[in-house]
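Visitor: I am attaching a structure below and will ask some questions about it afterwards.
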Amino acid sequence: MDLRLLTNSCISGRRKSKKISSINGRFLKSVPYDKEYKKLSLIPTIIKSAINKSEEGFILVKKEDLMAKAFSQKRQISILFVVDASGSMGVEDLMSKTKGLVFDILKSAYVRRERVGFITFRGTKAEIILPFTKSIATAKERLKKIKTGGKTPLSLALKNAIKMIEMESLKEKDTEFILLIFSDGRANISLSGIDPFEEAIIFGKKILEKNIKTFIIDTDPTWINYPYAKDLAKIMKARYFKLSDILQGNIRDIIYS
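Counting from 1 along the sequence shown, just add 136 to a position and that's the residue number in the working numbering.
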């Protein structure tokens, strides 16, 4: 047997992990022993020592032969729902359909022990109705109480989404965020006085800069005026779906793919 092949297998491994720990988790691979990685990996250490044995054939474990264990840890996922609750969501049962999709996602979040948060926007406000939590029961209750009416302050919603994610990332290190925006994209309230949709684009670009995995679900059933949500998705490099199409599939498979 070629010991070098066996050693390489023990050291490198084939599995990939988003997060590697020197403390605990599932064993991933063996790495050189150092100040960070201190849990001795015995078999790879012996194999490496055997490869580097003396000319007399003796196996002497040297400091440079020591191998330690590295572990993989599942990265925490936090899902932020940004839900348009303006007047346009009150027609054609759009809010009811949106809630149905969100409920479906919450089922997976519960199984996966993921954190979820909610922002709803309508009128002149974009409210954090649920800070990030693992309480799916609370999330469902808040979702049921969402009402519709008023204008569409989309840029304020995106601004608050950025703030909410920034604050959460300070508290929860090594968190992967998923941003789900349910809206027709037809912004009609501006924070600064410029065109409301152009302002929404500005905040959309800021989200893009933060490399947040983003999905935009277009709730506009007609596109009579303009495909605002689709354009915003292109600028944000977000995955885009029409609500009417995604109802036919499995949104959980889409999000986690």
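Ideal Cβ positions, reconstructed from N, Cα and C, are used throughout, including at glycine.
Based on the DSSP output, what are the partners of VAL238 in its beta bridges?
Guide: Note: VAL238 sits in no beta bridge, so no partner.
Visitor: State the Cα-Cα distance for the pair ALA221 and ILE348, rounded to the nearest angstrom.
Guide: Cα to Cα, ALA221 sits roughly 23 Å from ILE348.
Visitor: Report the CB separation of GLY226 from THR284 in whole angstroms; it is logged as a contact under 8 Å.
Guide: Right, the Cβ-Cβ distance comes to about 4 Å (below 8 Å), so this counts as a contact.
Visitor: Could you tell me the boundaries of the beta strand (DSSP E) in which ALA262 lies?
Guide: Note, ALA262: beta strand (DSSP E), 261 to 269.
Visitor: Please confirm whether THR311 and ILE371 have their CB atoms less than 9 Å apart.
Guide: Against a cut-off of 9 Å, the Cβ pair of ILE371 and THR311 comes out as no contact.
Visitor: Measuring alpha carbon to alpha carbon, tell me which of ILE282, LEU202, THR269 ends up nearest GLU308.
Guide: Comparing Cα positions, the closest option is THR269.
Visitor: Hey, THR350 and ILE391 are a contact pair by Cβ (cut 8 Å); roughly how many whole angstroms apart?
Guide: THR350 to ILE391, Cβ: 11 Å. No contact.
Visitor: Since PHE254 and ALA275 are thought to touch, with beta carbons under 8 Å apart, how far apart are those beta carbons, to the nearest angstrom?
Guide: Confirmed, about 7 Å.
Visitor: In angstroms, rounded to a whole number, what distance separates the CA positions of LEU178 and LYS184?
Guide: If I take the Cα positions, the gap works out to 10 Å.
Visitor: Can you tell me which of the three DSSP states PRO168 falls into?
Guide: Correct three-state label for PRO168: strand.
Visitor: For VAL247, count neighbouring Cβ atoms within 10 angstroms of its own Cβ and tell me buried if that reaches 16, exposed if not.
Guide: Result: exposed.
Visitor: What are the boundary residues of the beta strand (DSSP E) that includes ASP354?
Guide: Its beta strand (DSSP E) spans residues 349 to 354.
Visitor: Taking GLU200 as the reference, which of THR358, LYS243, PRO168, VAL252 has the closest Cα?
Guide: Of THR358, LYS243, PRO168, VAL252, the residue nearest in Cα terms is PRO168.
Visitor: Excluding five sequence neighbours on each side, which residues of the same chain lie with their C-beta closer than 6 Å to the C-beta of MET231?
Guide: If we look at MET231 and ignore the five residues flanking it on each side, its Cβ neighbours are MET225, THR284.
Visitor: With LYS295 and PHE257 assumed to form a contact (beta carbons below 8 Å), what rounded beta-carbon distance in angstroms separates them?
Guide: Between PHE257 and LYS295 the Cβ distance is about 10 Å, and since that is not below 8 Å, they are no contact.
Visitor: Can you give me the Cβ contacts of MET300 inside the same chain, cut-off strictly under 8 Å, excluding the 5 residues immediately before and after it?
Guide: Hits under 8 Å: LEU216, GLY253, ILE255, ILE264, PRO267, PHE268.
Visitor: Hey, could you find the ends of the beta strand (DSSP E) GLY253 is sitting in?
Guide: Residues 251 to 258.
Visitor: Can you name the residues that DSSP bridges to SER319?
Guide: Looking at the DSSP assignment, SER319 forms a beta bridge with ASP354.
Visitor: Go to SER214, then tell me how far its beta strand (DSSP E) extends in each direction, as first and last residue.
Guide: Note, SER214: beta strand (DSSP E), 212 to 220.
Visitor: Quick one: what does DSSP say MET137 is sitting in, helix, strand or coil?
Guide: A caution first: MET137 carries a pLDDT of 37, below 50, which makes its placement in the model unreliable, though a value can still be read off. If DSSP states are grouped into helix, strand and coil, MET137 belongs with coil.
Visitor: What are the start and end residues of the alpha helix (DSSP H) that includes LYS281?
Guide: Looking at the DSSP string, LYS281 is not in any alpha helix (DSSP H), and its letter there is neither H nor E.
Visitor: If you draw a straight line from the C-alpha of ILE352 to the C-alpha of LYS210, how long is it?
Guide: Their backbone Cα atoms lie some 26 Å apart in a straight line.
Visitor: Use the C-beta contact count for ALA245: other C-beta atoms within 10 angstroms, 16 or more gives buried, fewer gives exposed.
Guide: That one is buried.
Visitor: Using DSSP bridges, identify the partner residues of MET102.
Guide: Here the chain covers residues 137 to 393 and nothing more, so residue 102 does not appear.
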